[in-house]
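Before any comments, here is the structure.
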Amino acid sequence: MNTQTQEEIKNVLKKMCDALPEKLSANCEAFVEEYGDALLVLIAQEIDPSTLCYEVKLCDNQTKIFDKLPLAPLNSFKMDECSICTTVVDYLDKLLEEDDVDKEITKIVEKICTVVPASYKDKCSTLLETYGPYILQMIGQLADSRQVCQDIDFCPTPAGHVHLIGGNKCTFGPSYWCRSTAHAAACKADKYCKTKAWKN
């Protein structure tokens, strides 16, 4: 799905919002603005709309999406690190299929982080700035986005999966973590490095 198609779909959704009663219209437009890109990515992955509706907690199994819209606060939409990572990796994979894509990581960050809700854009940017080149390399080697995200410890690994010491660079310890702010962020050791290693 290219950018023009995505914008056309979002415009149709906004027109549908305009047709709703005034109380619903504002919530609908805010929802489309906040989550439109993320929903388009999920829909493009062929997720059943009723499942999607249920997953974003806008409806239960029997309820239509707009029946609950005014009752569902937009900030209740939660994405864990694994969901953010898999969404970003899936979108990056689709983006890399386009011939005209610029593979410079900063431009990719700007483009990809539009598909996650606004409240998660910082996490998305950090993920791509820290692991972007590695993710680009792994997309071609691993079967799916979940495996890529498991490899960088953003998604849990299945039971019985052996995680070798040294297989993840964060297991190397403080000498690796505190080598740079990027390593500290990637290994979730910022606080440790600031208090123990980077004393000024």
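Every number in the working numbering is 3 more than the matching position in the sequence shown, counting from 1.
Beta carbons: idealized from backbone N, C-alpha and C, even for Gly.
None of the values given here were measured: they were computed from a predicted structure.
Practice task
Grab me the residues of Tyr94's own chain with a C-beta within less than 8 Å of its C-beta, minus the 5 sequence neighbours each way, in chain order.
Solution key: Once the five neighbours on either side are set aside, the close Cβ partners of Tyr94 are Val44, Ile115 and Val118.
Problem - Burial state of Ala187 (16 or more Cβ within 10 Å) - result: Using a 10 angstroms sphere on the CB of Ala187, the tally of other CB atoms reaches 16 or more, which defines it as buried.
Practice task
From the DSSP output, in three-state form, read off Cys152 for me.
Solution key: Three-state DSSP puts Cys152 in a helix.
Exercise for the section: Would you check if the distance between the CB atom of Cys20 and the CB atom of Val92 is smaller than 8 Å? Expected result: No, the Cβ-Cβ distance between Cys20 and Val92 is not below 8 Å.
Problem - Trp180 in three-state terms, based on DSSP - result: In the structure shown, Trp180 adopts helical secondary structure according to DSSP, grouped into three states.
Problem - Boundaries of the alpha helix (DSSP H) in which Ser128 is found, first to last residue - result: Where Ser128 is concerned, the enclosing alpha helix (DSSP H) stretches over Lys124 to Ile142.
Handout entry: Within-8 Å CB hit, Cys196 to chain D
Key = Reference to chain D is not applicable here, since this structure consists of a single protein chain.
Exercise for the section: Grab me the residues of Asp40's own chain with a C-beta within less than 6 Å of its C-beta, minus the 5 sequence neighbours each way, in chain order. Expected result: Counting only residues of its own chain and dropping the five nearest sequence neighbours on each side, Asp40 has a CB closer than 6 Å to the CB of Thr117 and Val118.
Problem - Neighbour-count burial assignment, Lys67, 16 or more Cβ in a 10 Å radius - result: Its pLDDT being 42, under 50, Lys67 is placed unreliably by the model, and the measurement read from it follows with that caveat. Lys67 comes out exposed.
Handout entry: Close beta carbons around Ile142, own chain, < 6 Å, minus the five adjacent residues each side
Key = Asp96.
Problem - Simplified DSSP assignment, three categories, for Glu34 - result: Per the sequence presented here, residue 34 reads as Phe, with Glu not at that position. Helix.
Exercise for the section: Give me the Cα-Cα distance between Gly176 and Lys194, rounded to the nearest whole angstrom. Expected result: The C-alpha of Lys194 is placed about 14 Å away from the C-alpha of Gly176.
Handout entry: Nearest to Gly135 (by Cα), restricted to the options Ser122, Asp147 and Ile155
Key = It is Ile155.
Exercise for the section: Under 8 Å Cβ to Cβ from Asp137, same chain only, skipping five residues before and after it: list those, please. Expected result: Note on identity: in this sequence residue 137 is Tyr, with Asp being the wrong assignment. Setting aside the 5 residues that flank it on each side, Tyr137 is surrounded in the same chain by Ile155, each with a C-beta closer than 8 Å to its C-beta; the list follows chain order.
Practice task
Classify Ser122 as buried or exposed, calling it buried when 16 or more other Cβ atoms lie within 10 Å of its own Cβ.
Solution key: The residue in question, Ser122, is exposed, as its Cβ has fewer than 16 Cβ neighbours within 10 Å.
Practice task
Since I believe Cys85 is in contact with Cys158 (beta carbons under 8 Å), could you give me their beta-carbon distance rounded to a whole number of angstroms?
Solution key: Confirmed, about 4 Å.
Handout entry: Three-way DSSP call (helix, strand, coil) for Tyr147 in this model
Key = Checking the sequence, you will find Asp at residue 147 rather than Tyr. Per DSSP, reduced to three states, the secondary structure at Asp147 is coil, with no helix or strand assignment.
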